[in-house]
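Residue numbers (our numbering), protein chains in the order written: chain A, 70 to 504; chain B, 70 to 504; chain C, 70 to 504; chain D, 70 to 504. C-beta: ideal position from N, C-alpha, C; glycine also. For clarity, every value in this text was computed on a predicted model and none was experimentally measured. First the structure, in the form of structure tokens, and then the observations on it.
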């Protein structure tokens, strides 16, 4: 009984809180576009911060139901504009078609904390989207606005080293998503003289990193991850730096999902390193191939590979047969083996060939490897596939220990990017012979 | 002959430059929303910078003709959305109704110089609008985007004093629009310990002030401008500060016309001064009344004054009659007279009464005094009308030497603003007795 | 054989290096006082940096033998000055009596790294002083110069929090001398909102802390150390802050031994906290009593205690007898006991009384407790003795677990300092009753 | 009567103020070296600031009479040290010979404002020295301490451009001592892209410049001053910069007289410009010759010129005769003539020859030209004498319009400096032929 009563009270309180917010939001929207409402916006931002899950649900309802475009008005506006295109009919069309919640968020963004509030709303929205697909319109608006607010022209790229605030360094430890940082000593090694770390920051969000990339300065293109993240290794001298290898890139703010900052970050870092260290000759990555094992174990039909000739498909089938034979029929066994000796030369070659096909042929399609698609769309070149490069459990499971280098040649990235959009993957001669 | 040939050549070159720009702009727009195009955007921004007037004309044509919404697509989208509201139909509606030039400008804004380029475009657009009203849609888009990019949450307010960079101080001298700054000595006086100057800055635009306000710290509400801008005056001690008087507010960036920053600036300054100098008891302005003389000399029909009772209209007519009599029939003579003795008590009272009516009754309408409308809409109160307050040629011509104090009571501005929108002007008791 | 040869070679090389340094030092000294020698100074600083121990030994020889005042010249100058005091005889006296190495060090200090070189020299000199007392003159000169270069007017006090560079925070972990910092988590707790850490920095030495103090903000004066350094404790809210307790102060630069910065640091911190947190009512320490156990176990003759009346001496003897009885004759046993129950009320009172006498009576003499002498000479008041306040092995061994609060009343420190110099220890009423 | 009474009162008040200061100074000196006294020092600094001239006089008396070394103590210490050199006898000698006022000033320098107070004292002392030569000892101590506090290792060199604080720029206008700055427009031109200005700052004194140098970046070594300071001239492009010409160097703080910062400033600037603009090939000055006319008009005996051979002396006499003849017997007439046509080739050559002798032969002696002595002692080379280079009244009066280039070859300055100390002036081949 009591419980029922309590829940009813809670529901009422929630309803009241959301109703009050709604009223305030409407008041804010009723202000003339260019004036007023700062105090009101500040209050709304503060109250949004205190909403619990159920209240947020109610708030999203409001955004969806009440602040979407009015179909009738939009239709009338489109008809008027179709009849006669004047600045007036255009203005009405634009106004009628834009969800009012966009303007609401823009007005909230006028006050300190507004940007952070939009990020919070989006983080809260993600888990709801699956069950409530009708809220996708809100997500689209949030993404649209955040893309504009976090455009690279407003961001600051800063180097992060051992002189950075501990508070900021702690965030790197938390958010490193590729090769976990094992405490402060590990982090310190990754920030020494032959390593670099760069991050993007937003003026409104202080020392909060949005995305960061880790770079190793090396005498040659790396073929394994372990030496790069060995915290006991000795830093190399600058005169040995020939290659800058991006070995990890991680997002810190999940509210920015879909706002692509990684591309800009990598290129801006490459430009800055080039200026700072003219001795650097190549910029490349050492990247995981997260989808390779799953793809191969799913027994794909090579004849369906986009762009694969019949001959290629047959070769790939043959390679798979060789490999399966070496694994006593169970390709999955490869996920548990860190040493590939039993595969023999032929088996190892078959593995590389299959991986080459996976990366070079599948990447232009949505089924392609996500990491490959990211770098290739950035305009990087598929440079080298490295066997036994990541012998961690995760590395073996994802890709049988294989890793790949993508090469960033800044003079060619625009061109390669255009080619990739047309379905073509640029690769090195070495990768070419694999295919 | 030669001239014709030259002009033809020039026209061709212009056409080529604009065509090339158009191609690049289309390429930039064809990029996937979240990726690529930085290098391209940089080039477009650089080339925009070099366009001459005629070329810009061509570019605006392109923005208008090619990057407005497609009427057919917009109509189809509106119909689909009217039929069924799903995230998909909504997304298509939003996409179809938004002018593509908005997205173009957003993408240019991703690179350094993009914000400045948008401002430049808008400044170049202004003089064309009169003859080519169809370009108003471009202006609307620019205003929409600039409002978002220059929202107060992104701006920094900084105090400007004699320690500020000379480069920045020079801009104040150039842009002071209310009471001209007469060289560096005058400026120095306006930055001393009993004066304040604050400006808004945008992170992308460096030390370039957007708008600034000048404040005098005084023992009482000022009733004349001359002592405030007397460069030979001696600074007062802080223990005498009781009133902060905003005596000048000027925009520095004409490309931001319509992006209202003055309201935010005044209130943020007031809050900061309150914190810094708790001894301050009042925040007010000493403001010009630029439209008063023109209005009065146009012989308005007082019966048409909004909200005026019949009795008030009669009193105003009587006051005008008194005044005219004192001027030997020529009200315009008041614009040449700095001493009001010949008006007598009655004449002076009549002048104040007419001015009170002008400000209190006309301001809620679009015909109202622009300065009055600005402050009253900000939520200020009409506090006191001061005779013989600005005896400069400009002051006499605009308002027969009268100036007005508006009072900013931060606790009441929201409320007063709402009232003003309903047509009601809050005023002091003293102003009330004038009416 | 080979070894002998090698050593001879080494000795020669050492001798050569030192000889070359000597020549350069003489050249630098021969420059006119106000001119030249910057390049030379830079070289000397660089070479000093590379000297090994034996070479440094030789360099100190040179400083001692060749750059001390010439006795004959000093005597002649003193005689001339005694006969007639003129600016000229005075100038010669000053010049003749000042060791030339002072001028050498001053000239080295003109170039980057000069200050650091002087600190390094002094650190290298310390271990030699015992066996080579004649080098004490060099130490005196170094101390004289460093005192001048590190005077508080040149130092910057900065708050150190979790936003400080990791490089700097690492130095705190290394140098904390009172209550060791157990890794980054422990450090983070000590920098949270109810803790403060402040350090002095020198403009020439960048982010290198010279000395730092740790402060806890508390609702009342603390009586035990464990809660203050409990890394799992929850930060308190600012409205609970009534007392600022200095619980640790540590030097980071041993080359500054004898340059007293702690006094200035504590007082500057107290002033800053007072400004920042007006709710703070008291500034005190929670301090160890490092000499108490050793003193008591050495069976002092209480009649010899300075300022002790005969009656006091008898009471102290009686107290010791009680205590000894409770420990079965072995006072040393107290160093192993963290719980004092078996002492009974009488035994615990006896222990406090003996400690009170140790602190209040012995402190003005050079045999006094060093920590007590530091705070009392700073002008602090002996406020409260806390039993069972530090139950760590070190705390029990040094002082049977007792700790003491010294109170900093900024209005009275000057006065108390003067009194302390006259042999008088200011204490609270509570401590008075102990005596 | 009244006046006498008033004066007596004033004298008493002065005496009281000085007596109180004396007591405080003694108290401060009685503090143990490393402790206490900060509050006291702060008070003394504040009170020093308020002393009027007569009171300062009394204070200097005190510094001289009471805080000079005690002759008897100094003699005893020197005798003890002469007998046996131990760290103890040395320490006593050093202590006994150092004026106690040095320690007083060092302790005052511990608090904010202490450095500024020492500078003020010295500025106040200068005008007294002529009539009270016994105060020279105080000046020596102040100079000694200020040299140490303003050593280049503590100073910051900063570029000053049009972005510098107006407050700082105003100081340049005030203190430019060589070629007066004619208002803000003139200053702006001197800070544009083909000009540079650098100044030294002291961390304790904020944005107060101590000394600044103005540099012009030019395609060739300049032969006249007018084009360099022409405010209407157009800035040159960086690709034309071949020569950096120092055309003005001015001190801003007279309290630093005798603390030579100019040498360090010129060389540090040259190094920085070399790094920043590798296209620069030469660093030179365009300098006045302030003593030339006075020297020549005083009819010097050329046979007495140091290092002049008999033949040279005869040539110089002949040159003077030629010149005098061209001036109708009155060499002084040259000071009024800006065009040298009437001198004829022979007369112009004679003038250059005499100037060459003045600079090359007289400079190593104290009678030499002060500007020449400064640059030559810095290690610059006498490069070229330029006729009709400064046609201002001052330029004609000082040196008949002649100016000189000194060349700074950073690789040779040390060597040239040593040579100059030995009496030898390095000069170009061109100057050699003049001699």
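Cβ pair count under 8 Å reaching 3, the segment 172-187 of chain D against the segment 84-102 of chain D: Result yes; three or more Cβ-Cβ pairs closer than 8 Å.
Beta strand (DSSP E) containing residue 314/D: first to last residue? As a working note, residue 314/D is residue 245 in the fourth chain. For residue 314/D, the enclosing beta strand (DSSP E) starts and ends at 312-320.
Kindly confirm or deny that the segment 198-218 of chain D and the segment 150-161 of chain C touch, where touching means at least three C-beta pairs closer than 8 Å. yes
Using the Cα positions of residue 390/C and residue 288/C, report the straight-line distance between them to the nearest angstrom. Along the third chain, read from residue 1 onward, the residue named residue 390/C stands at position 321. Along the third chain, read from residue 1 onward, the residue named residue 288/C stands at position 219. Whole-angstrom Cα-Cα distance: 38 Å.
Please report the straight-line C-alpha distance between residue 103/C and residue 191/C, rounded to a whole angstrom. The residue given as residue 103/C occupies position 34 in the third chain. The residue given as residue 191/C occupies position 122 in the third chain. With a pLDDT of 49 at residue 103/C, under the threshold of 50, the modelled position of this residue cannot be trusted, and the question is left open.
Buried or exposed for residue 479/A, please, with buried defined as at least 16 other CB atoms from any protein chain shown within 10 angstroms of its CB. Residue numbering aside, residue 479/A sits at position 410 when the first chain is read from its first letter. Answer is exposed; the Cβ neighbour count stays below 16.
Distance cutoff 7 Å, beta carbons only. Does residue 225/A sit that close to anything in chain C? Here residue 225/A corresponds to residue number 156 of the first chain, with the count starting at 1. Taking Cβ atoms only, chain C never reaches closer than 7 Å to residue 225/A, which makes this a no.
Which word fits residue 124/D, buried or exposed, when buried means at least 16 other C-beta atoms lie within 10 angstroms of its C-beta? The sequence position of residue 124/D within the fourth chain is 55, counting from 1. Result: buried.
Are residue 282/B and residue 250/B closer than 7 Å when you measure CB to CB? As a first step, residue 282/B must be located in the second chain, where it is residue number 213. As a first step, residue 250/B must be located in the second chain, where it is residue number 181. In this structure, residue 250/B does not lie closer than 7 Å to residue 282/B by Cβ.
Strictly by DSSP, which residues pair up with residue 228/A? The residue labelled residue 228/A in the question sits at position 159 within the first chain. Paired residues: 267/A.
What's the C-alpha gap between residue 47/A and residue 214/A? Only positions 70 to 504 of chain A appear in this structure, which leaves residue 47/A out of reach.
Which class does residue 289/C belong to by DSSP, given the choice of helix, strand or coil? Position 220 of the third chain, counted from the start, is the residue given in the question as residue 289/C. Note: residue 289/C maps to coil in three-state DSSP.
Could you check if residue 120/C is buried or exposed, using at least 16 other CB atoms within 10 Å of its CB as the buried criterion? The count along the third chain starts at 1 and reaches residue 120/C at position 51. So residue 120/C ends up on the buried side.
Please list, in chain order, the chain C residues whose beta carbon lies closer than 8 Å to that of residue 276/A. The count along the first chain starts at 1 and reaches residue 276/A at position 207. Those are 232, listed as they occur along chain C.
So what's residue 103/A in DSSP terms, helix, strand or just coil? Your numbering for residue 103/A matches position 34 in the first chain. Reliability of the predicted coordinates at residue 103/A is poor, the pLDDT of 49 falling under 50, and the value obtained from them is presented with this limitation in mind. Coil.
Can you find a C-beta in chain A that's less than 7 Å from the C-beta of residue 297/C? Stepping through the third chain from its first residue, residue 297/C is reached at position 228. Taking Cβ atoms only, chain A never reaches closer than 7 Å to residue 297/C, which makes this a no.
Between the CA atoms of residue 328/A and residue 412/A - distance to the nearest angstrom: Indexing the first chain from 1 puts residue 412/A at position 343. Indexing the first chain from 1 puts residue 328/A at position 259. Approximately 42 Å between the Cα atoms of the pair.
Which of helix, strand or coil DSSP assigns to residue 430/C: By one-based count along the third chain, residue 430/C stands at place 361. If DSSP states are grouped into helix, strand and coil, residue 430/C belongs with the helices.
Are at least three pairs of beta-carbons, each pair with one atom in the segment 351-366 of chain D and one in the segment 420-427 of chain D, less than 8 Å apart? yes
Could you confirm whether any beta carbon from chain C is found closer than 7 Å to the beta carbon of residue 114/D? Reading the fourth chain from its first residue, position 45 is the one you call residue 114/D. Judged by the 7 Å Cβ criterion, residue 114/D is not in contact with chain C.
Beta-carbon proximity check, residue 150/D vs residue 304/C, cutoff 7 Å: Here the question's residue 150/D lines up with position 81 in the fourth chain. Here the question's residue 304/C lines up with position 235 in the third chain. Contact flag unset, no.
Strictly by DSSP, which residues pair up with residue 234/C? The residue labelled residue 234/C in the question sits at position 165 within the third chain. DSSP lists 234/A as the bridge partner or partners of residue 234/C.
Would you kindly work out how many angstroms separate the C-alpha atoms of residue 483/A and residue 229/A, rounded to a whole number? In the first chain, residue 483/A corresponds to position 414, counting from 1. In the first chain, residue 229/A corresponds to position 160, counting from 1. Cα to Cα, the separation comes out at about 28 Å.
Identify whether residue 329/A lies in helix, strand or coil by the three-state DSSP scheme. As a first step, residue 329/A is located in the first chain; it is residue number 260 there, counting from the start. Residue 329/A falls in the coil class under three-state DSSP.
Whether residue 127/D touches residue 163/D by CB criterion (7 Å): Numbered from its first residue, the fourth chain carries residue 127/D at position 58. Numbered from its first residue, the fourth chain carries residue 163/D at position 94. Contact: no.
Residues of the segment 228-256 of chain A whose Cβ lies closer than 9 Å to any Cβ of chain C, in chain order: 230, 231, 232, 233, 234, 235, 236, 237, 238, 239, 252, 253 and 256
Reducing DSSP to helix, strand and coil, say where residue 351/B ends up. As a working mapping, residue 351/B is identified with position 282 in the second chain. In this structure, residue 351/B counts as strand in the three-state DSSP scheme.
Hey, does residue 259/B have any beta-carbon neighbour from chain A nearer than 7 Å? As a working note, residue 259/B is residue 190 in the second chain. Chain A, which has no Cβ nearer than 7 Å to the Cβ of residue 259/B, makes this no.
Between the alpha carbons of residue 379/C and residue 396/C, how many angstroms are there, rounded? Here residue 379/C refers to the residue found at position 310 when the third chain is read from its first residue. Here residue 396/C refers to the residue found at position 327 when the third chain is read from its first residue. In a straight line, the C-alpha of residue 379/C is about 26 Å away from that of residue 396/C.
Check residue 167/B in the structure and name its three-state DSSP category. Translated into the one-based positions of the second chain, residue 167/B becomes position 98. Residue state, collapsed to three classes: coil.
Is the segment 268-281 of chain D in contact with the segment 430-443 of chain D, if contact means three or more CB pairs nearer than 8 Å? Flag = no, the segment 268-281 of chain D and the segment 430-443 of chain D do not touch.
Cβ pair residue 503/A, residue 422/A closer than 7 Å: Stepping through the first chain from its first residue, residue 503/A is reached at position 434. Stepping through the first chain from its first residue, residue 422/A is reached at position 353. In this structure, residue 503/A lies near residue 422/A, with their beta-carbon atoms less than 7 Å apart.
Residue 476/C - DSSP class collapsed to helix/strand/coil: Numbered from 1 along the third chain, position 407 holds the residue referred to as residue 476/C. It is a strand residue.
Taking only three categories from DSSP, how would you classify residue 487/B? Mapped onto the second chain, residue 487/B falls at position 418. Note: residue 487/B maps to helix in three-state DSSP.
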